[in-house]
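Here is the structure we will look at.
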Amino acid sequence: MSFVLLSPFALAKNGGLHRSQIQSVIQTNISGVMNCYEEAERKTPGIAGRIKITFEVAADGRVRKTQISESSLKNKQAEDCVVAESKKWIFPKPVGGEIVEVHYPFAFEKNSPLQNQEP
(Lines of atoms letter the chains of each structure in order from A and count residues from 1; the text may use other names and numbers.)
(Lines give C-alpha, C1' and ligand atoms only; values in the text may rest on other atoms or scores of the structure.)
Protein backbone atom coordinates (compact mmCIF):
# COMPACT_ATOMS: atom_id res chain seq x y z
CA MET A 1 0.00 0.00 0.00
CA SER A 2 1.23 3.51 -0.83
CA PHE A 3 0.49 6.76 0.89
CA VAL A 4 0.30 10.32 -0.33
CA LEU A 5 0.19 13.05 2.28
CA LEU A 6 -2.41 15.70 1.61
CA SER A 7 -0.93 18.76 3.20
CA PRO A 8 -3.09 21.00 5.36
CA PHE A 9 -0.55 23.71 4.53
CA ALA A 10 -1.56 24.67 0.99
CA LEU A 11 -0.54 28.23 0.25
CA ALA A 12 -2.50 30.40 -2.16
CA LYS A 13 -0.99 33.74 -3.06
CA ASN A 14 -3.17 36.62 -4.29
CA GLY A 15 -6.26 35.42 -2.39
CA GLY A 16 -9.24 34.45 -4.49
CA LEU A 17 -9.41 30.83 -3.30
CA HIS A 18 -9.71 29.55 0.24
CA ARG A 19 -7.38 26.83 1.48
CA SER A 20 -10.37 24.51 2.01
CA GLN A 21 -11.34 24.89 -1.66
CA ILE A 22 -7.84 23.93 -2.73
CA GLN A 23 -7.83 20.94 -0.36
CA SER A 24 -11.21 19.77 -1.63
CA VAL A 25 -10.22 19.78 -5.30
CA ILE A 26 -6.92 18.04 -4.63
CA GLN A 27 -8.59 15.43 -2.38
CA THR A 28 -11.13 14.73 -5.12
CA ASN A 29 -8.33 14.15 -7.63
CA ILE A 30 -5.75 12.46 -5.41
CA SER A 31 -6.07 9.07 -7.12
CA GLY A 32 -4.28 10.43 -10.20
CA VAL A 33 -1.38 11.68 -8.07
CA MET A 34 -1.30 8.36 -6.22
CA ASN A 35 -1.10 6.50 -9.54
CA CYS A 36 1.92 8.62 -10.50
CA TYR A 37 3.78 7.52 -7.39
CA GLU A 38 2.72 3.88 -7.61
CA GLU A 39 3.93 3.62 -11.20
CA ALA A 40 7.30 5.15 -10.27
CA GLU A 41 7.56 2.90 -7.20
CA ARG A 42 7.01 -0.20 -9.35
CA LYS A 43 10.04 0.79 -11.44
CA THR A 44 12.13 2.03 -8.50
CA PRO A 45 11.10 0.04 -5.42
CA GLY A 46 11.40 1.88 -2.12
CA ILE A 47 11.34 5.34 -3.66
CA ALA A 48 10.01 7.95 -1.25
CA GLY A 49 10.12 11.69 -0.88
CA ARG A 50 8.32 14.95 -1.31
CA ILE A 51 7.23 16.95 -4.35
CA LYS A 52 6.07 20.55 -4.09
CA ILE A 53 4.15 21.86 -7.08
CA THR A 54 3.44 25.47 -7.95
CA PHE A 55 0.55 26.23 -10.26
CA GLU A 56 -1.77 29.01 -11.28
CA VAL A 57 -5.54 28.83 -11.15
CA ALA A 58 -6.94 31.01 -13.93
CA ALA A 59 -10.08 33.14 -13.70
CA ASP A 60 -12.12 30.23 -15.13
CA GLY A 61 -10.85 27.84 -12.41
CA ARG A 62 -8.59 25.84 -14.70
CA VAL A 63 -4.98 25.08 -13.79
CA ARG A 64 -2.18 26.52 -15.88
CA LYS A 65 1.58 26.98 -15.59
CA THR A 66 2.21 24.00 -13.34
CA GLN A 67 5.79 23.21 -12.35
CA ILE A 68 7.74 21.26 -9.76
CA SER A 69 9.19 23.84 -7.38
CA GLU A 70 10.94 21.31 -5.08
CA SER A 71 11.49 17.57 -5.13
CA SER A 72 13.29 15.14 -2.88
CA LEU A 73 11.69 12.25 -4.80
CA LYS A 74 14.16 12.82 -7.67
CA ASN A 75 12.07 10.86 -10.14
CA LYS A 76 11.34 12.68 -13.40
CA GLN A 77 8.61 10.24 -14.42
CA ALA A 78 6.65 10.80 -11.20
CA GLU A 79 7.27 14.55 -11.28
CA ASP A 80 6.08 14.87 -14.90
CA CYS A 81 3.06 12.72 -14.10
CA VAL A 82 2.06 14.89 -11.11
CA VAL A 83 2.37 18.00 -13.30
CA ALA A 84 0.17 16.38 -15.98
CA GLU A 85 -2.42 15.30 -13.39
CA SER A 86 -2.59 18.77 -11.84
CA LYS A 87 -3.42 20.30 -15.22
CA LYS A 88 -6.68 18.30 -15.19
CA TRP A 89 -7.96 19.86 -11.96
CA ILE A 90 -10.77 22.41 -12.04
CA PHE A 91 -11.19 24.75 -9.10
CA PRO A 92 -14.01 27.14 -8.25
CA LYS A 93 -13.58 30.43 -10.07
CA PRO A 94 -11.35 32.66 -7.92
CA VAL A 95 -13.05 35.60 -6.23
CA GLY A 96 -12.48 38.78 -8.20
CA GLY A 97 -11.41 36.90 -11.33
CA GLU A 98 -7.76 37.11 -10.29
CA ILE A 99 -5.17 34.48 -11.18
CA VAL A 100 -4.25 32.58 -8.01
CA GLU A 101 -0.78 31.08 -7.49
CA VAL A 102 -0.83 27.92 -5.38
CA HIS A 103 2.08 26.08 -3.73
CA TYR A 104 1.23 22.54 -2.68
CA PRO A 105 3.46 19.80 -1.22
CA PHE A 106 2.87 16.07 -1.54
CA ALA A 107 4.81 13.48 0.47
CA PHE A 108 5.10 9.95 -0.91
CA GLU A 109 6.02 6.78 0.94
CA LYS A 110 5.41 3.06 0.51
CA ASN A 111 3.76 1.10 3.38
CA SER A 112 3.85 3.85 6.00
CA PRO A 113 1.98 7.16 6.10
CA LEU A 114 4.13 10.26 6.53
CA GLN A 115 3.32 12.88 9.14
CA ASN A 116 1.97 16.27 8.10
CA GLN A 117 4.75 18.61 7.07
CA GLU A 118 4.73 22.34 6.56
CA PRO A 119 5.72 23.46 3.05
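Okay, so the sequence shown: first residue is 55 according to the numbering used here, each after it adds one. We treat Cβ as the ideally placed atom computed from N, Cα and C, and that holds for glycine.
| Query | Result |
| --- | --- |
| Beta-carbon gap between Leu127 and Arg104 smaller than 8 Å | yes |
| The alpha helix (DSSP H) enclosing Ile117, as first and last residue numbers | First, the residue type needs correcting, since residue 117 is Val and not Ile in the sequence shown. Val117 -> not in any alpha helix (DSSP H); beta strand (DSSP E) instead, spanning Val117 to Ser125. |
| Contact check, Glu124 vs Cys90, beta carbons under 8 Å | no |
| Where the beta strand (DSSP E) through Lys106 begins and ends | Gly103 to Val111 |
| Inter-residue spacing [alpha-carbon to alpha-carbon] between Met26 and Gly150 | Since the first residue shown for the chain is 55 and the last is 173, residue 26 is missing from the structure and cannot be characterised. |
| Contacting residues, own chain, Cβ-Cβ under 8 Å from Asp114 (five flanking each side not counted) | Lys147 |
| Bounding residues of the alpha helix (DSSP H) (the contiguous stretch that carries Glu139) | Lys130 to Ser140 |
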